[in-house]
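All remarks here apply to the structure that follows.
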Amino acid sequence: MDADETEKKFNSDIIYNKYEDLLNNLNNNIPSPIGFRIAESPIFLSNDFRDRIIMAGNYIIDFILHPDFKQITEDSIPKKWRCANENNHPHVIIMDFAIHNDTNGNLVPKLIELQGFPSIYALQADLGMFYQTIYGIPDNWNIYFNGLDRIHYFNLLKETIVGSHQPDEVVLLDINPHKQHTAADFYLTQKYLGISIVSLTDLQRKGKQLFYECQGKQKLIKRIYNRLVFDEIADKENIFEENVDLRQDLDVEWITHPHWFYRISKYILPYLKGEFIPKTYFLNQINQNLPNDLENYVLKPLFSFGGRGVLIDITKDDIKKIEDPFEWIIQEKVEYHPLFHFNLQDIKGEIRLMYLWPDDYKRPILTTNSTRLSNGKTINVRHNENSRWTGASIAFIQNSN
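Heads up: the sequence shown is residues 0 to 400, going by numbering that gives the first Met the number 0.
Right, here's the structure in full:
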């Protein structure tokens with residue numbers, strides 16, 4: 000059964016008590032409900048689209064592996080967020096692709112953004128599992144790439160995040176982690192890997208070493224699974240005076256080091272070319288020679304995450320208002336192909352490829368995906384809280400091997 004046939008049969012057979020079962024199973028595993036909407040349905044990728052998106056990802060990985068990549072991206076790191084002890088490669092990479100219909104009628108991926116930063120690796124494994132078991136998705140479909148299954152996936156996740164350390168020597172770090180909309184993933188990461196969830200305010204420093212309290216005792220931290228985005232604390236000017244300054248030379252390993260959030264970001268989009276890459280320019284380099292068809296472009300801040308700050312329908316007046324053109328890009332607008340329709344609205348989607356890169360591996364490994372469905376101009380699960388058939392989802396594939 001191909002992707003179109005599977006999706007039609009699947010969606011026609013869905014009944015809403017199955018969706019309620021899905022949500023109940025997901026939320027029963029965590030202390031508090033998931034902080035964003037879960038879509039009623041996964042999507043099913045054709046073998047052709049699967050192969051195209053893998054090819055697109057490989058092209059970008061090849062660029063990241065280029066010997067002068069660090070030199071190319073050195074100016075991407077803001078001076079105030081520079082940290083000590085950067086390592087040789089990121090441990091996680093994510094890439095977001097729109098599902099687009101090209102001029103030949105083929106569904107193709109188009110790169111929207113990318114980041115050297117974690118995504119919801121643990122939650123997606125559970126979401127895929129419960130979609131499959133509760134909705135009865137055939138076994139020849141799965142959510143993993145490269146021949147992985149759930150067991151091997153979590154082994155690889157543990158190898159990447161925990162490594163050779165003991166789980167209680169590794170912490171998942173954020174600011175107010177239990178209040179984050181991704182807290183569900185934090186809880187599942189803790190459940191499956193055995194690591195603790197800590198806030199920046201929980202850290203204690205002695206010399207170059209960091210500690211946290213575990214079962215009433217101080218525990219040495221050897222690795223930080225970093226979920227803290229520095230740009231999200233930019234308005235807290237004294238945060239590193241009131242708490243441990245993470246930028247200092249500390250005896251700790253980063254998963255992944257904060258610099259990779261900036262190096263692998265929209266900053267490299269103007270350097271990428273090809274059929275899967277929309278034309279992209281640094282705003283400061285094109286400010287005096289703007290395209291005549293601005294309606295076919297979008298404005299994006301370089302280091303926002305998850306669609307924040309994007310200007311869709313732009314004019315020259317919008318561009319004149321930008322005070323820091325060095326921190327913006329202008330990108331060719333991508334038309335999203337409707338995946339299905341509901342209440343006279345088109346439901347569109349983006350697929351996030353999720354890579355893991357353990358120490359000593361030559362290349363990152365494509366593991367699974369996260370899919371977001373939306374009926375709006377932007378693909379953001381927080382914009383679709385009350386819209387049925389939208390929200391966070393996952394794509395099923397038939398493995399090529």
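Positions of the beta carbon are idealized from the N, C-alpha and C atoms, including for glycine.
Task: Residues near residue 179 by beta carbon distance below 8 Å, same chain, minus five either side - done: Hits under 8 Å: 34, 173, 185, 226.
Task: Whole alpha helix (DSSP H) elements within the segment 55 to 140, 4-residue minimum - done: Fully enclosed alpha helix (DSSP H) runs of 4 or longer: 68 to 72, 120 to 134.
TODO: Mind reading off the beta-carbon distance from residue 275 to residue 109? Whole number of angstroms is fine, and I expect it under 8 Å.
DONE: Sure, about 6 Å apart at Cβ, within 8 Å.
Task: Per-residue burial, residue 32 [other beta carbons within 10 Å of its own, 16 or more giving buried] - done: Under a 10 Å Cβ-count criterion, residue 32 is classified as exposed, with fewer than 16 other Cβ atoms of the shown protein chains found around its own Cβ.
TODO: Enumerate in chain order the residues of its own chain whose CB-to-CB distance from residue 60 is below 8 Å, with the five nearest sequence positions on each side excluded.
DONE: Within the same chain, Cβ atoms closer than 8 Å to the Cβ of residue 60 are found at 92, 354, 362, 363, the five residues on either side in sequence being excluded.
- [ ] With DSSP collapsed to three states, give me the class of residue 281.
- [x] Collapsing the DSSP output to three states places residue 281 in a strand.
TODO: Pick out the complete beta strand (DSSP E) segments inside the segment 309 to 356, 3 residues or longer, and give them in chain order.
DONE: Here the runs fully enclosed are 327 to 331, 339 to 341, 344 to 355.
Open item on the list: Suppose the cutoff is 7 Å on Cβ atoms and the five residues either side in sequence are ignored; what does the same chain contact list for residue 345 look like?
Closed with: If we look at residue 345 and ignore the five residues flanking it on each side, its Cβ neighbours are 337, 374.
Task: Residue range of the beta strand (DSSP E) that includes residue 298 - done: Per DSSP, residue 298 belongs to the beta strand (DSSP E) from 296 to 300.
Task: Residue burial classification, residue 54 (beta-carbon count within 10 angstroms, cutoff 16) - done: It counts as exposed.
Open item on the list: For residue 278 and residue 329, what's the separation of their Cα atoms in angstroms?
Closed with: One C-alpha to the other measures close to 9 Å.
TODO: Along the beta strand (DSSP E) that carries residue 260, what are the first and last residues, could you check?
DONE: Premise fails: residue 260 lies in the alpha helix (DSSP H), 258 to 262, not in any beta strand (DSSP E).
Task: Simplified DSSP assignment, three categories, for residue 252 - done: Strand.
Open item on the list: Looking at residue 119: is its Cβ nearer than 8 Å to the Cβ of residue 97?
Closed with: No, Cβ-Cβ distance for residue 119 and residue 97 is not below 8 Å.
Task: 6 Å Cβ shell around residue 221 - same chain, five flanking residues per side excluded - done: For residue 221, the CB contacts under 6 Å within the same chain, skipping 5 residues up- and downstream, are 164, 168 in chain order.
Task: Member of 200, 351, 357 whose CA lies at the smallest distance from the CA of residue 253 - done: Per the Cα distances, 357.
Task: residue 74 versus 265, 343, 376, residue with shortest Cα-Cα distance - done: Minimum Cα distance to residue 74 is reached at 265.
Task: residue 113 beta carbon less than 8 Å from that of residue 366 - done: In this structure, residue 113 does not lie closer than 8 Å to residue 366 by Cβ.
Task: Sub-8 Å separation of residue 83 and residue 351 beta-carbons - done: No, the Cβ-Cβ distance between residue 83 and residue 351 is not below 8 Å.
Task: Close Cβ partners of residue 303 (< 6 Å) along its chain, the five nearest in sequence each way excluded - done: Excluding positions up to five away in sequence, the list is empty.
Task: First and last residue of the uninterrupted beta strand (DSSP E) at residue 184 - done: Residue 184 -> not in any beta strand (DSSP E); alpha helix (DSSP H) instead, spanning 182 to 192.
Open item on the list: I'd like the span of the alpha helix (DSSP H) that includes residue 159, first residue to last.
Closed with: For residue 159, the uninterrupted alpha helix (DSSP H) run begins and ends at 149 to 160, by DSSP.
Open item on the list: Can you give me the C-alpha to C-alpha distance between residue 104 and residue 243, rounded to a whole angstrom?
Closed with: Cα to Cα, the separation comes out at about 54 Å.
TODO: Would you grab the beta carbon distance between residue 125 and residue 23 for me? Rounded to a whole angstrom, and I think it's under 8 Å.
DONE: Going by Cβ atoms, the distance from residue 125 to residue 23 rounds to 12 Å, so no, they are not a contact pair.
- [ ] Answer yes or no: the CB of residue 391 versus the heavy atoms of the ligand MG, is any distance below 7 Å?
- [x] What this structure holds is no ligand at all, so the ligand MG is not there to describe.
- [ ] List the DSSP bridge partners of residue 373.
- [x] Within the DSSP bridge table, the entry for residue 373 names 347 as partners.
TODO: Let me know the secondary structure DSSP gives residue 24 once reduced to three states.
DONE: DSSP places residue 24 in the helix class (H, G or I) of the three-state scheme.
Task: C-alpha gap between residue 255 and residue 52, whole angstroms - done: If you take the alpha carbons of residue 255 and residue 52, they lie about 24 Å apart.
Open item on the list: Could you check whether the segment 308 to 326 touches the segment 283 to 290, counting it as contact only if at least three pairs of C-beta atoms, one from each stretch, sit closer than 8 Å?
Closed with: Segments in contact, yes.
Task: Beta-carbon proximity list for residue 393, same chain, < 7 Å, skipping 5 on both sides - done: Here the set comprises 41, 123, 126, 127, 130, 142, 368, 369, 370.
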